[in-house]
Amino acid sequence: MPADPDFEALFAAAAAIQPRAYAPYSRVKVGAALLADDGAVHAGCKVENAAYPVGSCAEAGAIAAMIGAGGRAIRAVLVFGEGAELVTPCGACRQRIREFAAPEIPIAIAGPEGIRARFTLEELLPASFGPANLPR
Ligand code: ZN
Numbered sequence: 004m005p006a007d008p009d010f011e012a013l014f015a016a017a018a019a020i021q022p023r024a025y026a027p028y029s030r031v032k033v034g035a036a037l038l039a040d041d042g043a044v045h046a047g048c049k050v051e052n053a054a055y056p057v058g059s060c061a062e063a064g065a066i067a068a069m070i071g072a073g074g075r076a077i078r079a080v081l082v083f084g085e086g087a088e089l090v091t092p093c094g095a096c097r098q099r100i101r102e103f104a105a106p107e108i109p110i111a112i113a114g115p116e117g118i119r120a121r122f123t124l125e126e127l128l129p130a131s132f133g134p135a136n137l138p139r
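Residue numbers (our numbering): 4 to 139.
Quick look at the structure:
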């Protein structure tokens, strides 16, 4: 079992980027941060669009930042949102994370006051389909 990731660093990165999210339509700003296999932290924020389906999630931005920096594996994810309900990754983002993460990685859900819940990717996306499921 790998050591517990530094969720304080992920929280700080996600909390810093969340206010910069572009969410004029839903007014729900979301930030996400991930810990890459090389120890780097990458963050992303939600970017909405007037053509609604074209918008992108905070997790997608964080993954793009990791790939652009040369990272290829995710060790932990933290999603930061406001409001009373948990802001968990949407279904599409669970699959986006799965492309670069093992089912056992932790995913923390945070609000302004701190971490509200912790899951594993397996709990959020059971019996998932990943790169190893493709025939070789
Ligand atoms: Zn999403």
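Even for Gly, the Cβ is constructed at its ideal location relative to N, Cα and C.
Assumed close pair residue i, residue j - CB separation to whole angstroms, cut-off 8 Å
i, j, result
"serine 131", "arginine 101", "5 Å"
"leucine 124", "alanine 104", "6 Å"
Beta-carbon contacts of residue i that lie in its chain and below 8 Å, excluding the five residues immediately before and after
i, result
"valine 2", "This structure gives no information on residue 2, because the portion of the chain shown stretches from 4 to 139."
"leucine 13", "Ala36, Leu37, Leu38, Val44, Ala79, Val80, Leu81 and Ala111"
"arginine 121", "Pro109, Ile110, Ala111 and Ile112"
"proline 134", "Glu102"
"glycine 64", "Ala35, Ala46, Gly47, Cys48, Lys49 and Val50"
First through last residue of the alpha helix (DSSP H) which encompasses residue i
i, result
"alanine 15", "10 to 20"
"arginine 97", "94 to 101"
"glycine 64", "61 to 71"
Contact under 9 Å by Cβ, residue i with residue j
i, j, result
"alanine 68", "aspartate 40", "no"
"arginine 99", "isoleucine 66", "yes"
"valine 31", "glutamate 116", "no"
Selected residue, minimal CA-CA separation from residue i, among the options
i, options, result
"glycine 47", "Ala53, Ile20, Leu137 and Glu88", "Ile20"
"valine 57", "Asn136, Tyr25, Glu11 and Ala72", "Tyr25"
"proline 27", "Asp7, Ala72 and Lys49", "Lys49"
"glycine 42", "Pro115, Ser29, Pro8 and Arg23", "Pro8"
"tyrosine 55", "Gly74, Phe10, Ser29 and Pro138", "Ser29"
"proline 129", "Glu11, Gly74, Gly94 and Ile70", "Gly94"
Close beta carbons around residue i, own chain, < 6 Å, minus the five adjacent residues each side
i, result
"glutamate 107", "Thr123"
Neighbourhood of residue i by C-beta, 7 Å cutoff - its chain only, sequence neighbours within 5 removed
i, result
"asparagine 52", "Gly58"
"arginine 119", "Leu89, Ile112 and Ala113"
"proline 22", "Lys32"
"methionine 4", "Legend: pLDDT at methionine 4 = 41, less than 50; position of this residue unreliable, no value from coordinates given."
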